[in-house]
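What follows is one structure encoded as structure tokens, with my remarks underneath.
Residue numbers (our numbering), protein chains in the order written: chain Y, 6 to 120; chain L, 378 to 489.
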């Protein structure tokens with residue numbers, strides 16, 4: 006158990022809909038990262054928050070947005086969903102603000118299926 | 378574009394044998410990390426090796442880094458069925474403080 010909690014574990018929805026994925030980082034971790042993993046592929050970095058502020062942006066679509074709340078949990082909002090958005094969405098957390106200085110702790114992911 | 382590229386894409390060996398996976402990258406790095414992912418699960422950190430280190434060990438894992446060749450290898454000795462997973466390398470490019478660049482992974486299958 007990494008200590009990172011993601012909900013929901015599975016989500017099935019239709020094209021054009023909007024969903025919200027939630028992540029609670031490990032206790033004490035200030036950084037939250039969101040990643041997208043399509044079938045049998047590597048991780049695509051979406052966005053990072055550090056202590057409530059956006060720290061880095063990756064290949065995040067304009068239809069997607071995220072935020073980190075004062076209690077440090079984070080939400081990833083996906084709107085106008087398309088079939089190609091079907092993927093595993095991972096949240097990871099770390100103590101430090103820079104992912105390259107230490108390990109990331111990953112949640113179990115939210116599997117999104119868009120029909 | 379992918380910074381880290383793992384090789385091979387898939388590897389199937391008998392239990393007890395050693396497994397070697399490689400990761401190549403394009404630009405100079407601060408460090409390189411290896412992660413394991415069991416099917417459909419979250420990633421688990423295995424080891425981090427810094428650019429000034431050449432080799433690191435952790436239990437049955439041995440990681441090497443050759444910065445002149447821009448490559449790293451992960452060796453798992455005396456493999457077990459529980460080692461069946463995908464293994465990813467993640468590089469921290471110099472000058473990119475906030476992003477790790479991930480490879481597509483090596484899928485390792487350990488046959489009993």
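All C-beta atoms, glycine included, are put in the ideal place defined by N, C-alpha and C. Predicted model only: the values in this text are computed from it and were never measured.
Using C-beta distances below 7 Å, list every residue in its chain close to residue i, excluding the 5 sequence neighbours before and after it, in chain order.
i	result
residue 444(L)	428
residue 385(L)	483
residue 75(Y)	57
residue 73(Y)	37, 54, 57 and 79
residue 111(Y)	7, 9, 95 and 97
residue 408(L)	425, 426, 427, 428 and 469
residue 114(Y)	11, 93, 94 and 95
Within its chain, find whatever has a CB closer than 6 Å to the CB of residue i; leave out the 5 residues flanking it on each side and keep chain order.
i	result
residue 378(L)	For residue 378(L), the predicted model reports a pLDDT of 37, less than 50, meaning its position is unreliable; a value from the coordinates is still stated below. No residues qualify anywhere along the chain.
residue 405(L)	471
residue 23(Y)	84
residue 439(L)	452
residue 27(Y)	12 and 80
residue 410(L)	425 and 467
residue 432(L)	441
residue 122(Y)	A query on residue 122(Y) cannot be resolved here, the shown segment of chain Y reaching from 6 to 120 and no further.
residue 489(L)	392 and 458
residue 486(L)	389 and 461
Please determine, among the options, the residue with the shortest C-alpha to C-alpha distance to residue i.
i	options	result
residue 82(Y)	91(Y), 89(Y) and 71(Y)	71(Y)
residue 91(Y)	100(Y), 40(Y) and 35(Y)	40(Y)
residue 421(L)	120(Y), 117(Y) and 107(Y)	107(Y)
residue 25(Y)	59(Y), 42(Y), 15(Y) and 44(Y)	15(Y)
residue 478(L)	48(Y), 21(Y), 37(Y) and 17(Y)	48(Y)
residue 100(Y)	21(Y), 30(Y) and 17(Y)	30(Y)
residue 94(Y)	76(Y), 74(Y), 59(Y) and 50(Y)	50(Y)
residue 199(Y)	89(Y), 34(Y), 110(Y) and 75(Y)	What is shown of chain Y runs 6 to 120, which leaves residue 199(Y) out entirely.
residue 449(L)	399(L), 473(L), 434(L) and 419(L)	399(L)
residue 116(Y)	387(L), 419(L), 383(L) and 473(L)	419(L)
residue 77(Y)	59(Y), 69(Y), 67(Y) and 114(Y)	59(Y)
residue 383(L)	114(Y), 35(Y) and 46(Y)	46(Y)
residue 480(L)	67(Y), 69(Y) and 42(Y)	42(Y)
With a threshold of 8 Å on Cβ separation, who are the neighbours of residue i within its own chain once the five nearest residues in sequence on each side are excluded?
i	result
residue 436(L)	none
residue 19(Y)	86, 119 and 120
residue 32(Y)	8
residue 395(L)	452, 453, 454, 455 and 456
residue 430(L)	442
Just to check, is the beta-carbon of residue i closer than 6 Å to a non-hydrogen atom of the ligand COA?
i	result
residue 111(Y)	Within the structure as shown, the ligand COA is missing, as the structure has no ligands at all.
Segment contact flag, the stretch 6-20 of chain Y with the stretch 50-63 of chain Y, C-beta cutoff 8 Å, min 3 pairs: no
Near-chain L residues of the stretch 41-72 of chain Y - C-beta to any C-beta below 7 Å: 46, 47, 48, 50, 53, 60, 61 and 63
Just list the beta strand (DSSP E) runs in the stretch 421-471 of chain L, keeping only unbroken ones of 3 residues or longer that don't cross its boundaries, in chain order. 432-435, 438-443, 448-453 and 462-470
With contact counted as at least three CB pairs below 8 Å, one residue from each stretch, are the stretch 406-417 of chain L and the stretch 449-465 of chain L in contact? yes
If the cut-off is 9 Å on Cβ atoms, which residues from the stretch 6-21 of chain Y count as contacting chain L, listed in chain order? 7, 9 and 11
Would you list, in chain order, the members of the stretch 23-36 of chain Y that have their beta-carbon closer than 8 Å to a beta-carbon of chain L? none
Cβ-based contacts, 9 Å cut-off: residues of the stretch 390-421 of chain L near chain Y: 406, 407, 408, 410, 412, 414, 417, 418, 419, 420 and 421
Which residues, in chain order, does the stretch 71-90 of chain Y contribute to contact with chain L at a C-beta distance below 8 Å? none
Quick one: complete beta strand (DSSP E) runs, 3+ long, within the stretch 73-116 of chain Y? 79-83 and 92-99
Near-chain Y residues of the stretch 432-462 of chain L (beta-carbon distance less than 8 Å), N- to C-terminal order: none
Of all the beta strand (DSSP E) runs that stay within the bounds of the stretch 26-63 of chain Y, which reach a length of 3 or more residues? 36-42, 48-55 and 58-62
Chain Y contacts made by the stretch 470-487 of chain L, where a contact means CB separation under 9 Å: 470, 473, 474, 475, 476, 477, 478, 479, 480, 481, 482 and 484
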